[in-house]
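The structure appears right after this line, and notes come after that.
2 protein chains.
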Amino acid sequence: MTQVSDAARAYSRANSDKFLDELKAMLRIPSLSGDPAHAGDVRRMAEWLAEHMAGLGLDQVEVMETAGHPVVYGQWLGAGPDKPTVLVYGHYDVVPAELADGWDSDPFEPLVRDGKIYARGATDDKGQLFVHVKALESYLQTSGAAPVNLKFLIEGEEEVSSPNLKPFIVEHLELLQADVAVISDTSMRTIEEPAILHSLRGMTYIEVEVRGPRDDLHSGLWGGAVHNPALALSQILARMFNDDNSIAVPGFYDDVVPLTEAEREMIAKTDLSEAQYKASTGVPAVWGDAAYNIRERIAARPTLDVNGLWSGWSGPGPKTIVPAKAGCKLSCRLVGNQDPHKIFQQLKAYIESLAPPTVTVEVRLLTTGKPALFPFDSPAMQAAERAYVAGWGAQPIFTRGGGSIPVVADIADLMGIPVVLMGFGLADDGLHSPNERFSLEMFQRGIETTIVYLEELANVIRNT
Amino acid sequence: MTQVSDAARAYSRANSDKFLDELKAMLRIPSLSGDPAHAGDVRRMAEWLAEHMAGLGLDQVEVMETAGHPVVYGQWLGAGPDKPTVLVYGHYDVVPAELADGWDSDPFEPLVRDGKIYARGATDDKGQLFVHVKALESYLQTSGAAPVNLKFLIEGEEEVSSPNLKPFIVEHLELLQADVAVISDTSMRTIEEPAILHSLRGMTYIEVEVRGPRDDLHSGLWGGAVHNPALALSQILARMFNDDNSIAVPGFYDDVVPLTEAEREMIAKTDLSEAQYKASTGVPAVWGDAAYNIRERIAARPTLDVNGLWSGWSGPGPKTIVPAKAGCKLSCRLVGNQDPHKIFQQLKAYIESLAPPTVTVEVRLLTTGKPALFPFDSPAMQAAERAYVAGWGAQPIFTRGGGSIPVVADIADLMGIPVVLMGFGLADDGLHSPNERFSLEMFQRGIETTIVYLEELANVIRNT
């Protein structure tokens with residue numbers, strides 16, 4: 001450790017209450033990117049963040065327009081041209097949350113309980129992106145300079161699969177130019193076992209609509225001679241899996257790169273037991289393709305899940321109708337080298353082949369994201385490993401992540417730089433669920449590890 | 465025709481605008497019996513109706529309490545003890561309706577277009593029950609007396625399967641004593657072919673809930689090793705039918721009285737063609753058990769329909785969760801001699817037998833109703849036939865109704881009197897659907913037919 005990073009770490013500890021208050025302000029803004037009714041809140045969030053970063057002394061901060069929600073761009077290039085540049089990616093948007101979903105407190109009125117802050121976006125990704133902002137602040141407020149140049153690319157559409165980010169990167173390649181990208185938008189199993197991800201899954205997300213009669217029908221007057229759309233949809237969904245719980249869509253597994261025996265051995269070391277998985281999720285028994293262990297199924301193998309289902313009457317009491325239509329949201333997590341658009345075509349063709357002549361079936365693509373896979377012997381990855389040892393106080397493990405961050409593959413492909421996924425969340429933070437939370441200890445350790453990491457990077461990465 | 469009924473008919477024609485205004489006032493009250501939030505509206509509807517009937521000169525009108533929504537009771541016994549007494553049953557409650565469901569205008573702001581009045585409850589059953597109120601008014605305002613005594617039993621819980629009506633009838637058997645019951649809560653195919661129903665279907669209505677994880681899970685972090693509850697529910701529903709579209713629940717058909725060849729021949733005469741059924745409903749093709757024709761399937765055979773389905777996220781955009789639970793509403797229309805409670809036990813046992821160990825499945829009974837079947841050679845039925853010829857201007861047919869009016873079997877069983885189902889709706893009135901409507905011509909013809917029917921009944925039924 002140098003005095004410079006020590007001073008920055010001390011500053012971050014001394015200012016933890018201030019940091020927490022700032023994080024709370026950010027969490028109070030319901031920046032739901034998927035709901036047009038919240039577009040104003042999304043913009044307010046972008047403006048709040050830009051104003052906050054400008055106040056810390058960055059060279060340039062800008063709310064930059066896209067075809068959708070804006071990007072917040074910020075840079076501090078004070079380390080000078082002979083030092084490497086780090087691109088920090090994060091997202092300020094969140095998925096929906098309502099008290100009625102099962103939250104113990106208002107999802108947009110952050111509350112600290114037992115060392116955790118509860119709010120939608122606490123861990124995904126407001127709390128985690130803020131780690132990097134606060135690491136830079138800690139340097140600027142102590143030695144007046146960070147050991148590397150920093151660029152921030154904070155988008156507002158990650159939760160709707162970043163439809164406008166790839167064009168944004170293409171258009172601003174020069175502005176964004178960097179030597180390494182760092183992203184904190186993932187999690188580790190326990191605080192003692194920090195994880196660096198070297199793989200993320202991609203996604204194909206579709207919506208299926210089954211239409212029968214033109215209006216809801218009275219089931220007593222018309223029922224018996226119409227194919228109930230909710231039944232027809234159920235019959236289609238029941239055929240998405242084979243009896244062994246593998247996915248029945250023809251060609252689905254064709255492009256999956258088989259796991260090597262060596263990687264399977266590495267994964268086995270961090271496998272979840274059935275008891276652990278049941279305790280974490282609350283399910284009565286595990287499920288899935290028994291040819292793979294639990295960790296493989298949730299991180300290294302492709303999946304298919306029904307994310308939503310609707311038809312007819314779901315309010316209180318009975319309503320004796322044959323619903324006019326039924327629909328579902330359905331998504332696949334993909335692994336290398338599955339192509340999201342090819343998977344969409346396969347899903348569409350299969351579902352259409354299952355559609356009986358008694359109903360009309362429409363399959364619509366909502367979003368896609370490419371899977372990503374990185375080697376973990378690069379200088380940037382090795383520097384991260386050392387930063388955890390010094391900043392976190394524990395040896396990190398390299399793992400595959402089951403989630404999807406669409407931009408990861410795009411950054412790697414378009415900018416030709418490595419992406420280091422330093423996730424500071426915990427696996428049971430409940431992201432996308434009621435009572436999402438972020439541990440304040442993870443927040444603090446994340447800031448200190450990042451402070452050390454910037455110093456480590458300054459030593460090993462040459463500027464381009 | 466006598467001068468007495470002629471005068472009453474003339475009055476009803478001269479006052480059609482007034483009758484329509486009164487009907488509109490009734491339709492403006494959103495008396496949704498299934499939604500606790502509308503309990504106040506349900507009571508307001510009962511009070512409106514009682515006040516209106518009292519204003520017409522009935523001997524006694526009362527809003528009578530039950531364990532649920534109240535009954536409106538009214539009587540006019542001015543015909544004297546040597547004349548028969550007719551019990552009119554109807555219901556002032558309605559099923560839910562929202563503009564967003566596909567209504568062209570506010571479901572609780574009645575609108576007349578092309579000779580029809582559009583509003584929730586227009587045909588089911590406010591418009592139809594009002595026919596009897598207006599028939600009595602027409603007699604009282606002209607000759608000062610009706611040819612028979614009348615009792616009105618208007619309930620507020622028909623749409624939630626009348627949980628408190630049977631106890632009410634048992635408790636007030638003496639008050640309700642009558643020689644025949646008349647109910648207008650059904651429909652005919654066309655205005656030229658009035659129908660008298662001699663059979664109604666019963667019902668078993670259940671709710672099924674499938675629970676997996678304790679909260680919604682992030683599909684990227686946990687998906688692949690949990691049995692998706694929406695998938696599990698779909699897999700269960702897909703097994704409710706055999707490949708020939710007969711119902712797969714073991715024992716389901718055991719107590720069904722087979723249709724006789726004679727009745728099948730009678731039904732065949734009023735069968736719907738596939739083209740007619742498609743035109744009326746808008747489905748691309750008909751569906752069902754091919755061993756029976758369409759009319760049999762929708763009126764004389766038992767059915768199973770999914771009335772509602774829900775799980776996870778159904779709002780705009782993608783949400784990448786594994787839902788914690790999934791649910792559905794499911795109901796069976798039953799025919800003689802199926803027992804609704806036995807059917808519930810069969811459904812429950814079958815669904816539980818299909819439930820995999822990876823999820824928890826709960827089957828709850830919502831409501832039941834017994835099927836009913838009447839001979840059509842009774843004096844009251846024959847009088848109705850003559851009333852249609854004179855009052856409507858067409859020979860009626862006797863048909864089976866596919867719907868359920870739970871009280872019909874109860875009235876017949878408990879009071880030992882015949883029930884005559886003189887439905888003044890049209891098959892395409894859209895009851896329980898968006899844009900429910902009632903033809904003003906049907907309203908007028910219904911009133912006049914009822915006026916004649918009361919006179920016919922006075923001639924053929926002896927007082928008890």
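Going down the list, the sequences are from chains A and B. Residue numbers for the first sequence follow our numbering, beginning at 1 and rising by one. Residue numbers for the second sequence follow our numbering, beginning at 465 and rising by one. Ideal placement from N, C-alpha and C gives every residue a C-beta, glycine not left out.
Mind checking whether B/A689 and A/I169 have CB atoms under 7 Å apart?
-> No, these two residues do not count as a Cβ contact at 7 Å.
Which whole-angstrom value is the C-beta distance of A/R211 and A/V359, which I expect to be below 8 Å?
-> Approximately 6 Å separates the beta-carbon atoms of A/R211 and A/V359; this is inside 8 Å, confirming the contact.
Give the straight-line distance between the Cα atoms of B/A561 and B/D719, rounded to the nearest whole angstrom.
-> Straight-line Cα distance between these residues: approximately 36 Å.
Chain A contact residues for B/G580, given Cβ-Cβ distances below 9 Å | Position check: residue 580 of chain B holds Lys in this sequence, whereas Gly was assumed. Listed by position along chain A, the residues whose Cβ is nearer than 9 Å to that of B/K580 form an empty set, because the closest Cβ is around 15 Å away.
Chain D contacts from the region 314 to 325 of chain A (Cβ-Cβ distance under 9 Å) | No chain D appears in this structure, whose protein chains are A and B.
Determine the direct distance from the alpha carbon of A/R201 to that of B/A503, and round the result to whole angstroms.
-> Between B/A503 and A/R201, the C-alpha separation is close to 50 Å.
In three-state terms, what does DSSP make of A/H227?
-> In this structure, A/H227 counts as coil in the three-state DSSP scheme.
With a 10 Å radius around its C-beta and 16 neighbouring C-beta atoms as the bar for buried, classify A/K18 as buried or exposed.
-> Label assigned to A/K18: exposed.
Residue-chain proximity (B/V624, chain A), Cβ-Cβ < 7 Å | Yes, contact with chain A.
Chain B residues whose Cβ lies nearer than 9 Å to that of A/Q235 | Those within 9 Å of A/Q235 in chain B are S698, L701, A702 and F705.
Cβ-based neighbour list, A/L536, same chain, cut-off 6 Å, excluding 5 preceding and 5 following = In this structure chain A extends from 1 to 464, so residue 536 of chain A is not present and cannot be described.
Are the C-beta atoms of B/G498 and some chain A residue less than 7 Å apart?
-> Yes, because at least one Cβ of chain A sits closer than 7 Å to the Cβ of B/G498.
Cβ pair B/F572, B/P494 closer than 7 Å = It is a contact, given that the beta carbons lie within the stated cut-off.
Give the secondary structure of A/Q60 by DSSP, where H, G and I count as helix, E and B as strand, and everything else as coil.
-> Assignment of A/Q60 by DSSP, reduced to helix, strand and coil, places it in the strand class.
Could you give the C-beta distance for A/M53 and A/V42, rounded to a whole number, given that I count them as a contact under 8 Å?
-> By a beta-carbon distance limit of 8 Å, A/M53 does not contact A/V42. Their separation comes to about 17 Å.
If you drop the 5 nearest sequence neighbours on each side, which residues of the same chain put their C-beta closer than 8 Å to that of B/S978?
-> The structure shown does not extend to residue 978 of chain B, since chain B spans only 465 to 928, so no value can be given for it.
Could you give the uninterrupted runs of the alpha helix (DSSP H) lying entirely in the region 637 to 662 of chain B, keeping only those of 4 residues or more?
-> Taking only runs of at least 4 residues, the alpha helix (DSSP H) segments lying wholly in the region 637 to 662 of chain B are 637 to 640.
Counting Cβ pairs, one atom from each stretch, are 3 or more of them under 8 Å apart for the region 695 to 705 of chain B and the region 768 to 775 of chain B?
-> With the cut-off at 8 Å, the region 695 to 705 of chain B and the region 768 to 775 of chain B touch.
Keeping to the same chain, check which residues put their C-beta closer than 6 Å to that of B/F808; ignore five residues upstream and five downstream.
-> Within the same chain, T668 and L829 come within 6 Å of B/F808 by CB-CB distance, once the 5 residues on both sides are set aside.
Closer than 7 Å by C-beta to B/R761: which residues in its own chain qualify, once you throw out the five before and the five after it? Chain order, please.
-> Cβ within range, chain order: G752 and D753.
With a cut-off of 8 Å on the beta carbons, I'd call A/Q128 and A/F424 a contact; round off their distance for me.
-> Between A/F424 and A/Q128 the Cβ distance is about 5 Å, and since that is below 8 Å, they are a contact.
Report the option in B/A659, B/P820, B/T734 and B/K580 whose CA atom is closest to the CA atom of B/Q859.
-> Taking B/Q859 as reference, the option from B/A659, B/P820, B/T734 and B/K580 with the minimal CA-CA separation is B/A659.
Please name the residue or residues paired with B/S795 in a DSSP beta bridge.
-> According to DSSP, which records beta bridges pairwise, B/S795 is partnered with B/Y669 and B/D769.
With contact counted as at least three CB pairs below 8 Å, one residue from each stretch, are the region 159 to 179 of chain A and the region 404 to 420 of chain A in contact?
-> They touch, by the three-pair rule.
Could you tell me if A/L173 is buried or exposed, where buried requires 16 or more neighbouring beta carbons within 10 angstroms of its beta carbon?
-> When all chains shown are included, A/L173 counts as exposed.
Give a yes or no on whether the minimum CB-CB distance between B/R492 and chain A is below 7 Å.
-> With 7 Å as the cut-off, B/R492 does not count as an interface residue toward chain A.
C-beta neighbour in chain A for B/I711, strict 7 Å | Not an interface residue.
Is it a yes or a no for the region 74 to 85 of chain A touching the region 133 to 150 of chain A, going by three-plus beta-carbon pairs under 8 Å?
-> Contact check between the region 74 to 85 of chain A and the region 133 to 150 of chain A: three or more CB pairs, one atom from each, fall below 8 Å, which counts as touching.
Relative to the alpha-carbon of B/S480, which residue among B/Q908, B/A848 and B/G498 has its alpha-carbon at the smallest distance?
-> Relative to the Cα of B/S480, the nearest Cα in the group B/Q908, B/A848 and B/G498 belongs to B/Q908.
Inter-residue spacing [alpha-carbon to alpha-carbon] between A/G416 and A/R386 = About 23 Å.
May I ask you to list, following chain order, the residues of the region 672 to 688 of chain B that have a beta carbon less than 7 Å from some beta carbon of chain A?
-> Hits within the stretch, in order: G676, P677, R678, D679, D680, L681, H682, S683, G684, L685, W686, G687 and G688.
State the Cα-Cα distance for the pair B/D892 and B/E671, rounded to the nearest angstrom.
-> Roughly 28 Å between the two C-alpha positions.
CA-to-CA distance, A/S143 to A/G57, given in whole angstroms = Their Cα atoms are separated by approximately 13 Å.
Considering only C-alpha positions, which residue in the set A/Y292, A/V286 and A/E274 is nearest to A/I267?
-> Per the Cα distances, A/Y292.
Answer with yes or no whether the minimum CB distance from B/Y556 to chain A is below 7 Å.
-> Interface residue (Cβ-Cβ distance to chain A less than 7 Å): B/Y556 is not classified as such.
Under 7 Å, do A/Q346 and A/V249 count as touching if we go by C-beta distance?
-> Against a cut-off of 7 Å, the Cβ pair of A/V249 and A/Q346 comes out as a contact.
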